[in-house]
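K.L.:
Would you mind keeping the following structure in view while I ask a few things?
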Amino acid sequence: ANFEQLIPNYLDASTWNWTAMSSLFRDYNVTIGNMSYSVHRQIYAAWYQDDWKIGNKLTANMGLRYDLDHGAQGEWVKFLPWLSGKRPTDKNNLAPRLGFAYQVNDKSVIRGGWGLFFTELEDDALHQSYILTQNANITLPNNGRADFGINPFGGPAPTLDQIIARRCDIVGLPFNSPNCFPQSIRNGSEIPVGDHPVSYSHMVSIGMQRELAANTGLDSNFVWTGGRSEERRQNLNSSINPATGANYTATGAGVDVAHLPFPSWGPIAGEIMNGRSNYYGWENTFTKRFSNRWQANATYTLSWFKDDGGIGAITGPYLTALDPNANITTILTPYSGTVAPDMGPLYTRRGEAISATPAAPISAS
Numbered sequence: 019a020n021f022e023q024l025i026p027n028y029l030d031a032s033t034w035n036w037t038a039m040s041s042l043f044r045d046y047n048v049t050i051g052n053m054s055y056s057v058h059r060q061i062y063a064a065w066y067q068d069d070w071k072i073g074n075k076l077t078a079n080m081g082l083r084y085d086l087d088h089g090a091q092g093e094w095v096k097f098l099p100w101l102s103g104k105r106p107t108d109k110n111n112l113a114p115r116l117g118f119a120y121q122v123n124d125k126s127v128i129r130g131g132w133g134l135f136f137t138e139l140e141d142d143a144l145h146q147s148y149i150l151t152q153n154a155n156i157t158l159p160n161n162g163r164a165d166f167g168i169n170p171f172g173g174p175a176p177t178l179d180q181i182i183a184r185r186c187d188i189v190g191l192p193f194n195s196p197n198c199f200p201q202s203i204r205n206g207s208e209i210p211v212g213d214h215p216v217s218y219s220h221m222v223s224i225g226m227q228r229e230l231a232a233n234t235g236l237d238s239n240f241v242w243t244g245g246r247s248e249e250r251r252q253n254l255n256s257s258i259n260p261a262t263g264a265n266y267t268a269t270g271a272g273v274d275v276a277h278l279p280f281p282s283w284g285p286i287a288g289e290i291m292n293g294r295s296n297y298y299g300w301e302n303t304f305t306k307r308f309s310n311r312w313q314a315n316a317t318y319t320l321s322w323f324k325d326d327g328g329i330g331a332i333t334g335p336y337l338t339a340l341d342p343n344a345n346i347t348t349i350l351t352p353y354s355g356t357v358a359p360d361m362g363p364l365y366t367r368r369g370e371a372i373s374a375t376p377a378a379p380i381s382a383s
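383 is the number that this note's numbering gives the last residue of the sequence shown; the numbers go up by one with no jumps.
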């Protein structure tokens, strides 16, 4: 059949020939349940800083910040076997900061510092975990039925209670069994696994500020930011062929159920906080403060950014085991065998940026 016969009016799904397209579908994915919910978290922070004058030229400062974000990682959410409802809160978020300013002469100052900064986590680990208790995301592989495209359930869509009662992992059947509902945890609704610490970064800068003339100055700084414990994702329900180093097929109609670590489940997207990134920058600013009816500003930055693959990268891979009685039920062990090479190297970006902003009043004659 041609496109016009399958989809007479692409703006009106009621005109589509779903039966004729049934063989084209790999699977059917749907979420059923409560789509309206609220979550809560408690965020606290405290900060102290002091400065010291050391001689006539040197000023030092030290700061200390503490952050506590209770509930951000879905600590109280229970969704067995993945989430116990007893995950401990990460309380080790103590961030020192050190800095100095050294006056070389009347026109030049050298400034530098180092600091540790903890991020305020997105709501992902909490609300995505809680979603699993309010609705079910199920994937039905195409079973070859002629009307699969229009009637994937072979009858009325089930309720959430019916899905839970017949969930494949509950009744102990493989996820592709026609006698149960397969549940998966998809990308976009991934759950926190392993220790899942709060992301943080080391920030270092050193540079000089120089007065070139009256109302005119130049800043030049070298900056490094090292991101740590950044978010990465992995399908926990996949395994590696030791002979090839590549994954056994873990999704789609050709899934190798015999090699799934958790055969009663579909894909399990785990949020693993083990990513790294580094930013290196040479940042320069020329400033002409407003005087004599004009002002100007110009900047130049040369920078490099490197990371170990980005949010969707597999920085393991990891083998996953479950301990339903533990506070953190997911136990991650780095895979020690051969892994097939990726399509490319780790991500690196080099960039340059230049901007200029002159300004002067406009008078009408």
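Virtual Cβ for every residue (Gly too), placed ideally from N, Cα, C.
1) If you draw a straight line from the C-alpha of residue 58 to the C-alpha of residue 146, how long is it?
2) If we count the other Cβ atoms within 10 Å of its Cβ and call it buried at 16 or more, is residue 307 buried or exposed?
3) Does the Cβ of residue 148 have 16 or more other Cβ atoms within 10 Å, making it buried, or fewer, making it exposed?
4) Buried or exposed: where does residue 336 fall if 16 or more other Cβ atoms within 10 Å of its Cβ makes it buried?
5) Our contact map puts residue 187 next to residue 282 with C-beta atoms below 8 Å; I'd like the distance itself, whole angstroms only.
6) Hey, quick one: how far does the beta strand (DSSP E) through residue 72 stretch, first residue to last?
7) What separation, rounded to the nearest whole angstrom, lies between the Cα atoms of residue 311 and residue 238?
8) Just checking, does the region 95-107 make contact with the region 336-350 on the three C-beta pairs under 8 Å criterion?
9) For residue 168, which of helix, strand or coil comes out of DSSP?
10) Taking residue 267 as the reference, which of 285, 251, 228 has the closest Cα?
11) Would DSSP call residue 266 helix, strand or coil?
12) Would DSSP call residue 95 helix, strand or coil?
13) Might you give, ordered along the chain, the residues of its own chain that have their beta carbon closer than 6 Å to the beta carbon of residue 96, omitting 5 neighbours on each side?
14) Note down, in chain order, each residue of its chain lying with its Cβ closer than 7 Å to the Cβ of residue 196, except the 5 sequence neighbours on either side.
15) Going by DSSP, which residues form a beta bridge with residue 85?
16) Can you find a heavy atom of the ligand FMN that lies under 7 Å from the Cβ of residue 106?
17) Quick check on this structure: which residue in 338, 356, 231 has the alpha carbon closest to the alpha carbon of residue 260?
18) Compare the Cα-Cα distances from residue 276 to each of 223, 218, 71, 192 and report the closest residue.
19) Of all the beta strand (DSSP E) runs that stay within the bounds of the region 155-231, which reach a length of 3 or more residues?
20) Looking at the secondary structure, which residues open and close the alpha helix (DSSP H) in which residue 108 lies?
21) Taking all protein chains shown into account, decide if residue 322 is buried (16 or more other Cβ within 10 angstroms of its Cβ) or exposed.
22) For residue 84, tell me which candidate among 110, 77, 99 has the shortest Cα-Cα distance.
23) Run through DSSP, which three-state label would residue 100 get?
24) With a CB to CB cut of under 8 Å and the five nearest residues on each side skipped, what residues in its chain are close to residue 126?
25) Would a C-beta distance cut-off of 8 Å place residue 203 and residue 181 closer than the cut-off?
26) Would you mind working out which of 171, 241, 217, 39 sits nearest residue 199, comparing C-alpha positions?
27) Keeping to the same chain, check which residues put their C-beta closer than 8 Å to that of residue 177; ignore five residues upstream and five downstream.
28) Just curious, the beta strand (DSSP E) that residue 304 is in, first and last residue?
29) What are the boundary residues of the alpha helix (DSSP H) that includes residue 354?
30) Report the three-state DSSP secondary structure of residue 46 (helix, strand or coil).
31) Using 8 Å for Cβ pairs, my map puts residue 100 next to residue 209. What's the rounded Cβ distance?
32) Which residues bound the alpha helix (DSSP H) around residue 151?
33) Residues in its own chain within less than 6 Å of residue 297 by CB, not counting five upstream and five downstream?
34) Taking residue 43 as the reference, which of 214, 314, 166 has the closest Cα?
35) Would you mind sorting residue 189 into buried or exposed? The rule is 16 or more other CB atoms within 10 Å of its CB.
36) My output table needs one value for residue 32: the three-state DSSP class, helix, strand or coil.
P.N.:
Inspection of the coordinates gives the following:
1) In the sequence shown, residue 58 corresponds to position 40, counting from 1. In the sequence shown, residue 146 corresponds to position 128, counting from 1. Here the alpha carbons of residue 146 and residue 58 stand approximately 13 Å from one another.
2) Here the question's residue 307 lines up with position 289 in the sequence shown. That one is exposed.
3) Here residue 148 corresponds to residue number 130 of the sequence shown, with the count starting at 1. It is buried - the Cβ of residue 148 has at least 16 other Cβ atoms within 10 Å.
4) Counting from 1 along the sequence shown, the entry for residue 336 is found at position 318. With 16 or more Cβ atoms within 10 Å of its Cβ, residue 336 is classed as buried.
5) As a first step, residue 187 must be located in the sequence shown, where it is residue number 169. As a first step, residue 282 must be located in the sequence shown, where it is residue number 264. That pair is a contact at about 4 Å.
6) Locating residue 72 in the sequence shown gives position 54, counting from the first residue. 60-72 is the span of the beta strand (DSSP E), which, as asked, contains residue 72.
7) For the purposes of this step, residue 311 is identified with residue 293 of the sequence shown, where counting begins at 1. For the purposes of this step, residue 238 is identified with residue 220 of the sequence shown, where counting begins at 1. C-alpha separation (whole angstroms): 26 Å.
8) Flag = yes, the region 95-107 and the region 336-350 touch.
9) In the sequence shown, counting from the first residue as 1, residue 168 sits at position 150. Residue 168: coil per DSSP, three-state reduction.
10) Within the sequence shown, numbered from 1, the residue matching residue 267 stands at position 249. Here the closest residue by C-alpha is 285.
11) Counted from its first residue, the sequence shown places residue 266 at position 248. Residue 266 carries a coil assignment under DSSP once its states are collapsed to helix, strand and coil.
12) Here residue 95 refers to the residue found at position 77 of the sequence shown. Here residue 95 sits in coil by DSSP.
13) The residue given as residue 96 occupies position 78 in the sequence shown. Around residue 96: 103.
14) Locating residue 196 in the sequence shown gives position 178, counting from the first residue. So the qualifying residues of the chain are 161.
15) Mapped onto the sequence shown, residue 85 falls at position 67. Bridge partners of residue 85: 63.
16) Ligands in the displayed structure: none, and consequently the ligand FMN is not present.
17) Mapped onto the sequence shown, residue 260 falls at position 242. Residue 356 is the option with its Cα nearest to residue 260.
18) Taking the sequence shown and counting its residues from 1, the one referred to as residue 276 is at position 258. Of 223, 218, 71, 192, the residue nearest in Cα terms is 192.
19) Qualifying beta strand (DSSP E) stretches, in chain order: 201-203, 218-231.
20) Residue 108 sits at position 90 when you count from the first residue of the sequence shown. Per DSSP, residue 108 lies in no alpha helix (DSSP H) segment and is marked neither H nor E.
21) By one-based count along the sequence shown, residue 322 stands at place 304. Exposed: under 16 other Cβ atoms inside 10 Å.
22) What you label residue 84 is simply residue 66 of the sequence shown in a count that begins at 1. Taking residue 84 as reference, the option from 110, 77, 99 with the minimal CA-CA separation is 110.
23) The residue given as residue 100 occupies position 82 in the sequence shown. The DSSP-derived three-state label of residue 100 is coil.
24) On the sequence shown, position 108 is the one that residue 126 refers to. Taking C-beta separations shorter than 8 Å and ignoring five residues to either side along the sequence, the partners of residue 126 in its chain run 226, 227, 228, 229, following chain order.
25) For the purposes of this step, residue 203 is taken as residue 185 along the sequence shown, with counting starting at 1. For the purposes of this step, residue 181 is taken as residue 163 along the sequence shown, with counting starting at 1. Not a contact, by the Cβ cut-off of 8 Å.
26) In the sequence shown, residue 199 corresponds to position 181, counting from 1. Scanning 171, 241, 217, 39 for the CA closest to the CA of residue 199 turns up 171.
27) Stepping through the sequence shown from its first residue, residue 177 is reached at position 159. Only 50 meet the Cβ criterion.
28) To locate residue 304, count along the sequence shown from 1; it is residue 286. Boundaries of the beta strand (DSSP E) harbouring residue 304: 283-309, taken from the DSSP string.
29) Translated into positions along the sequence shown, residue 354 becomes position 336. From DSSP, residue 354 is part of no alpha helix (DSSP H); its letter is neither H nor E.
30) Here residue 46 corresponds to residue number 28 of the sequence shown, with the count starting at 1. Residue state, collapsed to three classes: strand.
31) Counting from 1 along the sequence shown, the entry for residue 100 is found at position 82. Counting from 1 along the sequence shown, the entry for residue 209 is found at position 191. The Cβ separation is near 6 Å, so the contact holds.
32) As a first step, residue 151 is located in the sequence shown; it is residue number 133 there, counting from the start. According to the DSSP assignment, residue 151 belongs to the alpha helix (DSSP H) that extends over 142-152.
33) Locating residue 297 in the sequence shown gives position 279, counting from the first residue. Excluding positions up to five away in sequence, the list reads 243, 323.
34) Numbered from 1 along the sequence shown, position 25 holds the residue referred to as residue 43. With distances taken between Cα atoms, residue 43 lies closest to 166.
35) Position 171 of the sequence shown holds residue 189. Under this definition residue 189 is an exposed residue.
36) Translated into positions along the sequence shown, residue 32 becomes position 14. In the structure shown, residue 32 sits in a helix (DSSP, three-state: H, G or I).
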